[in-house]
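**Q** Read top to bottom, the protein sequences are chains A and B. Under the UniProt record's numbering, the first residue of the first sequence carries the number 1, and numbering increases by one thereafter. Under the UniProt record's numbering, the first residue of the second sequence carries the number 1, and numbering increases by one thereafter. By construction, the Cβ of each residue, glycine as well, lies at the ideal position given by its N, Cα and C atoms.
2 protein chains.
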Amino acid sequence: MRPPTIRDVAERAGVSKSLVSLVLRGSEQVRPEKRRAVLAAVEELGYRPNAAARSLSERRTRTVGVLLNDLRNPWFVELLDGLNSELYASGLRTLLADGRLNRRLGEDLTHTFTELRVDGLIAVGTLPDPAAVRTAAARLPTVVAGTREPVLSAVDIVAGDDELGARLATEHLIGLGHRHIAHIAGQGSVGTLRRRGFEAVMREHGLSGSAAVEQGDLTEEGGYRATVRLLAAPHRPTAVFAFNDMAGVGALSAAEELGLRVPGDLSLVGYDNTYLARLRHLWLTTVDNAGHDIGRRAARRLLDRIADPARPGEVALTAPVLEVRGTTAPPRPSDPRES
Amino acid sequence: MRPPTIRDVAERAGVSKSLVSLVLRGSEQVRPEKRRAVLAAVEELGYRPNAAARSLSERRTRTVGVLLNDLRNPWFVELLDGLNSELYASGLRTLLADGRLNRRLGEDLTHTFTELRVDGLIAVGTLPDPAAVRTAAARLPTVVAGTREPVLSAVDIVAGDDELGARLATEHLIGLGHRHIAHIAGQGSVGTLRRRGFEAVMREHGLSGSAAVEQGDLTEEGGYRATVRLLAAPHRPTAVFAFNDMAGVGALSAAEELGLRVPGDLSLVGYDNTYLARLRHLWLTTVDNAGHDIGRRAARRLLDRIADPARPGEVALTAPVLEVRGTTAPPRPSDPRES
DNA sequence: GCCCTTCTTTGGACCGTTCCAGAACCTTCC
DNA sequence: GGAAGGTTCTGGAACGGTCCAAAGAAGGGC
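Printed below as a string of structure tokens:
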């Protein structure tokens, strides 16, 4: 019992398979009664076109590959959502590969995507294997989203302005009166940019001397450890700006464990405005990075690039917005450290 | 500049395309020197087989469709991870569709998956449109994972034993000395089962009279509101067992806001052991639902079912495990309510 | 009624693989 | 030396669509 083919439909409707194809692709050049007959046959047989046959013939798959760093990061999921909705509107579907997982399995993702002949590729976030993106970009229209590297010749970049976001966060803390501010740094180019924004603002305010940077990673654990180290230092900061919300939550735990009240004794800013930051119990001041919007814009870039693969790569940055919640406040005025 | 085809490889290697096909599929019946020539040609041309052409000819896609309720729920992501790793090992790739998103877009997911002729389907969690699963299951080998409905004739079910998990949580609270225990109920069959487990244990301990159930949903907001209602009641509970970790975190916020200390004034148990529960700042006692394991088992079931589509559907339940963390403790002995 | 034009409809080549029947080539054995 | 039996290789027919050139039908003008 094989699924019906276009020929079965044609036979049932008493027309040629070419006409069925015409009807299904919405041609105007078909007489209404034939169109009805075809559609009725399609309905009766429960016919669905075979995507593989269609791709083979059309030489395109209407599928976009998405290379994701980590599905567990809520911000990426939000971006993905924006991506999907925009691509879907253009009749493209999305094929997802989790870079971390596939790397663990030893698969080269570009292989899968080239075999499938996807029409385009979106690389989301800092990927474990940037060389793979390079290889893929040489064959496929490619857009990088959520990070600003790798920079390649015919590849667009859509990302949040991380340096600006870091500036917003840092200026917010300085505006509250903080002087000793620490940054928990992340990895990759995104980490570098946020760190740079932080350092620039501190320098502009003549606070380079009281700026501390501690390397963390993208996890809660990393944020926790970095904060423990920061708070153990002799001249300890009154505020911490964390690379992302996860690290911020780790910082929150560390502060609590050391008996410091947030925001009374320690102010805290995260990044990404994920649902974590919005949990009432955490209520983290953070920087909104507009994941959904970035996803949509990346999708539009890819559509343009598929239409014209040779056009030069562009960089589009979206401006992040500070989201003030419950973890930031002025430092204690009585604190001898703030003199 | 089209990508090279198997014929290009054949020509370059000086053999027929059939032989190239043989080599690439790992046949033993090929003389070593020819094999080398073919592999060299493949390498030189950068040849990658066309998946669409292969599927068309083989009449299978080596692709499994995954229908997911909500990618934002970390538990599903964990399950997906287990699924992926097992399917990958069998040479199958995974095509992901987020049910919530696609429903919003008004797409019938079964359409996409039937057009792609996926080899099988995994429906994860309580889906927004159970009828779609029914339709798909009539055409495709199908496995339901993470929930116990819909029950269909030739469909396997792999899920956690939610009733048992709820029993563990409730017994833990009773064992600590709690008598007035509330449950924040979830939706769908999973919600019903967890609620049933809770109620059964309360009944067995003669505590039906002091058991409260408040309807929540799967979100933090729902958990928060339900808890506010519970704690506003005259005879308020000393412990809350929440449908999942998200709702549990909402409960945590509500308790805090009302000036109750956790676990001193109120004990709290979540469900799923997602990374949320593991955040040090939350450190939620919860029930581990082994998402990764369920994913792997679901994958294996699907492989069996693809091999023999007619075999009767089986139900496999995994036993959840209580994970005691920081949000549960004995009730205050002095509390007049606990007499 | 006939020729010309415009709409509709159709047959068949093609997309890039797999798979099968059988051809070609080797050994081995009598 | 030739039949038998194995191995290795090949041509061509699928697979299920799209697309194009051309055939057929319908309408219009004289």
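Can you tell me whether T286(B) is buried or exposed, with buried defined as 16 or more other CB within 10 angstroms of its CB?
**A** So T286(B) ends up on the buried side.
**Q** Name the two residues that bound the continuous alpha helix (DSSP H) containing F243(A).
**A** No alpha helix (DSSP H) contains F243(A), which DSSP labels as neither H nor E.
**Q** The beta strand (DSSP E) spanning T5(A) covers which residue range?
**A** Looking at the DSSP string, T5(A) is not in any beta strand (DSSP E), and its letter there is neither H nor E.
**Q** Is the Cβ of Y302(A) closer than 8 Å to any Cβ of chain B?
**A** The sequence shown places Leu at residue 302(A), not Tyr. Chain B, which has no Cβ nearer than 8 Å to the Cβ of L302(A), makes this no.
**Q** Rounded to the nearest angstrom, what separates G175(B) and R229(B) at their Cα positions?
**A** Distance between the alpha carbons of G175(B) and R229(B): 25 Å.
**Q** Below 8 Å on the Cβ atoms is my guess for L284(A) versus L268(A); work out the distance and round it to an integer in Å.
**A** With a Cβ gap of about 7 Å, L284(A) and L268(A) count as contacting.
**Q** Would you kindly report the start and end of the unbroken alpha helix (DSSP H) that includes G223(A)?
**A** That run of the alpha helix (DSSP H) goes 220 to 232.
**Q** Using a Cβ-Cβ cut-off of less than 9 Å, list which residues of the segment 257 to 284 of chain A approach chain B; keep chain order.
**A** For the segment 257 to 284 of chain A, which is checked against every Cβ of chain B, the residues closer than 9 Å are E257, Y275, L276, R278, L279, R280, H281, L282, W283.
**Q** Can you tell me whether A232(A) is buried or exposed, with buried defined as 16 or more other CB within 10 angstroms of its CB?
**A** Exposed: under 16 other Cβ atoms inside 10 Å.
**Q** Looking at the ligand ZN, does it come within less than 7 Å of R7(B), judged from the CB to the closest heavy atom?
**A** Absence of the ligand ZN from the depicted structure is noted, as is the absence of any ligand whatsoever, leaving it without description.
**Q** What do you reckon, are the CB atoms on D119(A) and T63(A) nearer than 8 Å?
**A** Yes, the pair counts as a contact, with Cβ atoms nearer than the cut-off.
**Q** Starting from R93(A) and walking both ways along the beta strand (DSSP E), at which residues does that stretch end?
**A** Counting along the chain, the beta strand (DSSP E) containing R93(A) begins and ends at 93 to 98.
**Q** Using the three-state DSSP reduction, which class does T112(B) fall into: helix, strand or coil?
**A** The answer is helix: DSSP assigns T112(B) an H, G or I state.
**Q** Using a Cβ cut-off of 7 Å, which residues of the UniProt domain "HTH lacI-type" (4 to 58) of chain B contact any Cβ in chain A, in chain order?
**A** So the close ones are R48, P49, N50, A51, A52, A53, S55, L56.
**Q** Chain A partners of L116(B), CB-CB under 8 Å?
**A** Result: A51, A52.
**Q** Give the DSSP-derived three-state secondary structure of R12(B) in the structure shown.
**A** It is helical.
**Q** Quick one: does R297(B) have its CB under 8 Å from some CB of chain A?
**A** Chain A, which has no Cβ nearer than 8 Å to the Cβ of R297(B), makes this no.
**Q** Give me whichever residues DSSP pairs with E214(A) in a beta bridge.
**A** Partner(s): I184(A).
**Q** Would DSSP call D129(A) helix, strand or coil?
**A** Correct three-state label for D129(A): coil.
**Q** Would T328(A) count as contacting chain B if we go by Cβ distances under 8 Å?
**A** So no, T328(A) is outside the interface.
**Q** Can you check whether the CB of G165(A) is closer than 8 Å to the CB of P330(A)?
**A** No.
**Q** Answer yes or no: do F241(A) and L140(A) have a C-beta to C-beta separation smaller than 8 Å?
**A** No; because the gap between Cβ atoms is not below 8 Å, this pair is not in contact.
**Q** Please give me, in chain order, every unbroken run of the alpha helix (DSSP H) with length at least 4 that falls completely inside the segment 270 to 301 of chain A.
**A** List check, alpha helix (DSSP H) in window: 275 to 278.
**Q** Check whether the Cβ atoms of A185(A) and R195(A) sit closer than 8 Å, and answer yes or no.
**A** Yes, these two residues count as a Cβ contact at 8 Å.
**Q** Check whether the segment 153 to 165 of chain B and the segment 305 to 324 of chain B touch, using three or more Cβ-Cβ pairs below 8 Å as the test.
**A** They touch, by the three-pair rule.
**Q** Please work out which residues of its chain come closer than 7 Å, Cβ to Cβ, to N244(A), disregarding the five sequence neighbours upstream and downstream, and give them in chain order.
**A** Taken in chain order, the residues that qualify are G186, L218, G270, Y271, D272.
**Q** Roughly how many angstroms separate the alpha carbons of E323(A) and R2(A), rounded to a whole number?
**A** If you take the alpha carbons of E323(A) and R2(A), they lie about 56 Å apart.
**Q** Using a C-beta cutoff of 8 Å, does R62(B) count as contacting chain A?
**A** No, because no Cβ of chain A sits closer than 8 Å to the Cβ of R62(B).
**Q** DSSP on T135(A), reduced to helix/strand/coil?
**A** The answer is helix: DSSP assigns T135(A) an H, G or I state.
**Q** Which one of T238(B), H235(B), P49(B) has the shortest CA to CA distance from I6(B)?
**A** Ranking T238(B), H235(B), P49(B) by Cα distance to I6(B) puts P49(B) first.
**Q** Is it right to say G65(B) is buried, meaning 16 or more other beta carbons lie within 10 angstroms of its own, or is it exposed?
**A** Buried.
**Q** Any idea what DSSP makes of E86(A), helix, strand or coil?
**A** Three-state DSSP puts E86(A) in a helix.
**Q** Answer with yes or no whether the minimum CB distance from R72(A) to chain B is below 8 Å.
**A** Yes, R72(A) lies at the interface with chain B (some Cβ there is under 8 Å from its Cβ).
**Q** Going by the beta-carbon positions, is the gap between A41(A) and R12(A) smaller than 8 Å?
**A** Cβ atoms of A41(A) and R12(A): closer than 8 Å.
**Q** Would L67(B) and A123(B) qualify as a contact pair, given that the criterion is a beta-carbon distance under 8 Å?
**A** Their beta carbons are under 8 Å apart, which means L67(B) touches A123(B) by this criterion.
**Q** Return the chain-ordered list of same chain residues with a C-beta closer than 6 Å to the C-beta of E58(B), the five sequence neighbours on each side being excluded.
**A** Closer than 6 Å at Cβ, skipping near neighbours: no residue.
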